Structures are given as C-alpha cells and as structure tokens.
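Chemist: The structure's right below; bear with me while I get my questions together.
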Amino acid sequence: MMHINLNAVSRSTVRLLSILGLIAGLVNGLNADDHFDRSVQTSGSVQLLSMERDYGNGVDGSSTSISATVNLDSNLSENLSWHGQYVHVENLQEDGREDAAYWLSNDYTSLLNELYLEYHAEGDSISEVSLKLGRQVAGYDFFPTYKTRHKGQAFGGVSFHGKVLGSVSLDLGHIADFSAWPSRVDGSSSLTSDFASISERLGQTGGDNGVQFIQAKWGQGESFSFSSYGYHVDGYYDTLGLKVNYLLHESEESGAYNVSVHAFQQEGTRSGPFSSQDGRVVELNLNYKKNALSMDLGWTHVGGDSTILNPFRTSFAIDATLLWYTNQFERGTDSAHLKTLYKHKQWTFYGAFIAAQHQDDREETEANAVVKYQFENDIWVAFKGGYGTRDYEASPDQHARDLRLFVGRSF
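Heads up: the sequence shown is residues 12 to 422, going by my numbering.
Right, dumping it as structure tokens:
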C-alpha cells in the first residue's frame, strides 16, 4: 500500500510555485516594447503521477511524483524565434525497489528539456524551411516523443526541415546527446533524464561523434504515403527504415481500411563493440477507422542474428507498451498485436494486446488498458493498467502488472 508524505507534498508544492514565480518574473522582464512584437508566450501543465509495478520475485515498487512543465515561446525577428521548456519533478513517495529505473523511473529532476533557436523561411524550391539549434523535442519515425511519464524525449543538436518539390518532406540533422523519457537521474539504468551521449546510453565509455540522421516523407492525401529514414551512430551501427501506407477502401458507411508495412535493417560498423550487429524488423498492419473508432491488427518479425538496439525507442506498433514484458525486439521473435482506440466526447478509451513467440519456445503476452477523461477546465484524469505473462517450458510461469494514475491540469 502506498503512503504519501503530506509534508513532502507541501514542500514540493512550495518549491514548484517558487520556480513558476521566478519564471513568470523573467518572462515579464523579457517583454520588450519596440517595433517588433517580442512578447513571450507561456503555457504549461502540472501533473501528479502515482504508479505501482510488480514484476514478481521481489521486483516491485510504488512511487508518487508531481511535476511542473513550463513552455516559453518568443519571436526575435520575422524569421527568428526561440523556444524553451523547463521540467521540474519532485518525488513525493517511493517504496520497494528504489534504484530500478526500468521499474519506476520517477525521481527528482530539474532540467531544460528544450531550449533552441529556430530560423524559418519560405523559398521557391524549398518551402516551410525550419532550422533549429539546441535542445529540442521531435517526433521522427526513429525518435518518437515517447512521453509516458512526466516528460518527452529530447535531443541536443541541430535539425533541418523543409518541403521540396511541393510534396516531399525532408528532415535531417545531428544529435549530440539526448534525454530519455524517464524522470530519474543517476539511477542504475542508462535511461535517465540527463542529457547524455549515445555511447553512454548503450553502456559504452563515450567518445562517440553523435548521431547523424535523415528522413523523407511523400504522400498523396489519405490514399498513399511513403517514408524512409536512416541514422548513423559513428563507430557503432547504422539503421535504415521504410514505411508504406496504402488506403484499401473507404466509404461513409463501412469506414476506411489501410494496410501498412514498416521495416528496418540494423548493421554494426566494421570495427567497434557492435561490429557483429545484424538485425531486421518487418511489421504488417491493417488499420480500420470509422468515426471515433480506430482498430489495428498486425504481425511483426525480428530477423537476423541480433536483438535490435533501440535507445530512442521506435514507432513500431508493438513498441509503446507499459511493461515491455514481451521482449518484442529479441532476435527471432514473432509478435501479433491488436489495438483499439475510441473517443466519445471527453472520454478516451484505449486497449492493446501483444503476444510474442520466441526462438526458445517461450511465450510472452501483455495487455494494456487506458481510460482518460478531459474536464472542460483543462483538468484531466487518466488511468493506465498493464498485465503481462510469460510461459516457459521448464520453469514456472511469470506474471507482472503495472498500474498508473495521472491527474493534471494545463494552462
């Protein structure tokens, strides 16, 4: 049973309010009254997260944490602007396995998750030009935002976005370091909120030259879309990916049916700790949409001789689960997935089920459920639950659960 320390709640609330007051004062001081509007626009949210995890065999724990997120935006000129995002997390209570970042990942954090300059312009051959320099949150096919707790993933570096030939979207850039999705620092896992290099995330000693990436997308309305991406981790490995989506049928009475293929290949460089890395992923998915209902049914195969390296997580349908209990990117694994999303007024209902079959005849499953209600005064309440099973041939079966309660307000 979880017990919340009220004194800790009070101290944390005062600290959060003090930080928000300081930021508000700085914002007022930055507002300049001249020929160009440089006023700073603010937005943000506060959130309480209480969660409990039980992996069995004593690997269990609970925690309650509160966070404040403040976003700042301002124009410096007609083509130049800046954006900042400050995230502060206070840990109110924690029991059980405290140092297991994979199990809880909620702790004290105070950082600038985003702070970048952006140049934007329009050209004749390239439109929607955007050049960002600094810490930024982005949603690429190989680097999703992945905001599962208090903060989303972010990277420090440079990125370029533009549209060429009218309909081709092009993104490229360099990632010097990145902050993962947890809100924990100095934990036993390499996944923390600190901005660290890719080599540190992979458990190596450092000294890498970052990550270079490129992504291109092209589409014809809702009927067809094509995207490809690749990223190079100097001295470690390369990853190339491809996504294709095709509209099979659409009508007002029966809804829309889309089929998609997502595949990527990962190979290690000739020298280095991952020189033997050789992995491939192929995912087939059938999507059905009608009004507020969306359903996905699909299959994923991991081929090659290696388990997939995914320090950024991925945009595969089998990836975004609460427990990661099915080891879905282990080499030789076949996974089936079923997902459902339904929205009705202020309610959101989501369900997912993944079943994985491994090379050693191990069978693993995970079921997730999410219920969210959005109040009219910008307050939301959400419950997330997950349950996983593992079936072994010669050892006892295993079970795990994950329970989370979110209460938040945006401003």
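All C-beta atoms in this analysis are idealised placements derived from N, C-alpha and C, irrespective of residue type, glycine included. None of these values were measured; they are calculated from a predicted model.
#1: Of all the alpha helix (DSSP H) runs that stay within the bounds of the region 365 to 417, which reach a length of 4 or more residues?
#2: Which residues share a DSSP beta bridge with Ser121?
#3: Just list the beta strand (DSSP E) runs in the region 181 to 240, keeping only unbroken ones of 3 residues or longer that don't cross its boundaries, in chain order.
#4: From Asp371, His369, Tyr353 and Gln370, pick the residue whose C-alpha is nearest to that of Ala363; which is it?
#5: Roughly how many angstroms lie between the CA atoms of Val270 and Asp182, to the nearest whole one?
#6: Give the list of continuous beta strand (DSSP E) stretches no shorter than 3 residues that lie fully inside the region 255 to 287.
#7: Measure the alpha-carbon distance for Phe166 versus Asp345 and round it to whole angstroms.
#8: Taking all protein chains shown into account, decide if Tyr248 is buried (16 or more other Cβ within 10 angstroms of its Cβ) or exposed.
#9: Could you spell out where the beta strand (DSSP E) holding Ile137 opens and where it closes?
#10: For Leu87, tell me which candidate among Gln147, Tyr361 and His131 has the shortest Cα-Cα distance.
#11: Thinking Leu297 and Lys395 are a contact (beta carbons under 8 Å), I'd like their distance in whole angstroms, please.
#12: In the structure shown, what three-state DSSP assignment does Asn296 receive?
#13: Look at Gly55 and Phe417 and say whether their C-beta atoms are less than 8 Å apart.
#14: Bridge partners of Gln104, per DSSP?
#15: Quick check: the Cα distance between Ile408 and Thr53, rounded to an integer number of angstroms?
#16: Are three or more beta carbon pairs between the region 142 to 159 and the region 247 to 263 nearer than 8 Å?
#17: Applying the criterion that 16 or more other CB atoms from any shown protein chain within 10 Å of the CB defines a buried residue, is Gln58 buried or exposed?
#18: Rounded to the nearest angstrom, what separates Arg420 and Thr280 at their Cα positions?
#19: Quick one: what's got a C-beta closer than 8 Å to Glu233's C-beta in the same chain, skipping five residues either side?
#20: For chain B, find out if any of its Cβ atoms is closer than 8 Å to the Cβ of Asn296; answer yes or no.
#21: Given this structure, state the Cα-to-Cα distance separating Glu404 from Gln385, to the nearest angstrom.
#22: What first and last residue would you give for the beta strand (DSSP E) that runs through Glu63?
#23: Does the Cβ of Gln357 have 16 or more other Cβ atoms within 10 Å, making it buried, or fewer, making it exposed?
#24: What number of angstroms, rounded off, separates the C-alpha of Gly230 from the C-alpha of Phe237?
#25: Would you kindly check if the distance between the Cβ of Asp289 and the Cβ of Asp316 is under 8 Å?
#26: Going along the chain, which residues of its own chain have a beta-carbon closer than 7 Å to the beta-carbon of Leu295, five neighbours each way excluded?
#27: Just to check my reading of the structure: Leu414 and Glu133 have Cβ atoms closer than 8 Å, yes? What is that Cβ distance to the nearest angstrom?
#28: Tell me the DSSP secondary structure of Asp84 in three-state form.
#29: Is DSSP giving Asp307 helix, strand or coil here?
#30: Quick one: what's got a C-beta closer than 6 Å to His185's C-beta in the same chain, skipping five residues either side?
#31: For Gly214 and Thr203, what's the separation of their Cα atoms in angstroms?
#32: Which same chain residues end up closer than 6 Å to Val10 when comparing Cβ atoms and leaving out the 5 residues on each side of it in sequence?
#33: How long is the line joining the alpha carbons of Asn256 and Asp307, rounded to whole angstroms?
#34: Specify, as a first and last residue, the run of the beta strand (DSSP E) that Lys158 falls within.
#35: Helix, strand or coil: which one does DSSP assign to Val169?
#36: So which of Leu123, Ser282 and Ile225 has the shortest CA-CA distance to Gly173?
Modeler: Taking the geometry as given:
#1: As far as the region 365 to 417 is concerned, it has no whole alpha helix (DSSP H) run of at least 4 residues.
#2: Answer by DSSP bridge pairing, in chain order: His99.
#3: Secondary structure remark: continuous beta strand (DSSP E) runs of at least 3 residues inside the region 181 to 240, in chain order: 222 to 231.
#4: Per the Cα distances, Tyr353.
#5: One C-alpha to the other measures close to 25 Å.
#6: As far as the region 255 to 287 is concerned, its whole beta strand (DSSP E) runs of at least 3 residues are 266 to 279.
#7: In this structure, the straight-line span from the alpha carbon of Phe166 to that of Asp345 is close to 31 Å.
#8: Only buried fits Tyr248, as 16 or more other CB atoms lie within 10 angstroms of its CB.
#9: Ile137 to Gln147 is the extent of the beta strand (DSSP E) around Ile137.
#10: Its Cα nearest to that of Leu87, the residue His131 stands out among Gln147, Tyr361 and His131.
#11: Rounded to whole angstroms, the Cβ separation of Leu297 and Lys395 is 25 Å, and the two are not in contact under 8 Å.
#12: Here Asn296 sits in strand by DSSP.
#13: In this structure, Gly55 lies away from Phe417, with their beta-carbon atoms at least 8 Å apart.
#14: Residue pairing by DSSP places Gln104 opposite Thr75 in a beta bridge.
#15: According to the sequence displayed, residue 408 carries Asp and not Ile. Their Cα atoms are separated by approximately 51 Å.
#16: Taking a contact to require three or more Cβ pairs closer than 8 Å, the region 142 to 159 and the region 247 to 263 qualify as touching.
#17: The residue in question, Gln58, is buried, as its Cβ has 16 or more Cβ neighbours within 10 Å.
#18: Between the alpha carbons of Arg420 and Thr280 lies a distance of about 46 Å.
#19: Leu258, Glu261 and Ala267, listed in sequence order.
#20: In the structure shown, chain B does not exist; there is a single protein chain.
#21: Answer to the nearest angstrom: the Cα atoms are 45 Å apart.
#22: Glu63 -> beta strand (DSSP E) spans Gln52 to Asp65.
#23: The residue in question, Gln357, is exposed, as its Cβ has fewer than 16 Cβ neighbours within 10 Å.
#24: Rounded to whole angstroms, Gly230 to Phe237 spans 6 Å at the Cα level.
#25: Yes, these two residues count as a Cβ contact at 8 Å.
#26: For Leu295, where only same-chain residues beyond five positions count, the Cβ hits under 7 Å are Val272, Gly309 and Trp310.
#27: About 49 Å separates the two Cβ atoms, so there is no contact after all.
#28: For Asp84, the three-state secondary structure derived from DSSP is strand.
#29: The DSSP-derived three-state label of Asp307 is strand.
#30: These residues qualify, in order along the chain: Gly168, Val169, Gly221 and Gln223.
#31: When rounded, the distance between both Cα atoms is 12 Å.
#32: Outside the modelled stretch of the chain, which goes from 12 to 422, sits residue 10, for which no answer is possible.
#33: Cα atoms of Asn256 and Asp307: separation of roughly 13 Å, rounded to the nearest angstrom.
#34: Here Lys158 belongs to no beta strand (DSSP E), and DSSP marks it neither H nor E.
#35: It is a strand residue.
#36: Of the listed residues, the one whose Cα sits closest to Gly173 is Ile225.
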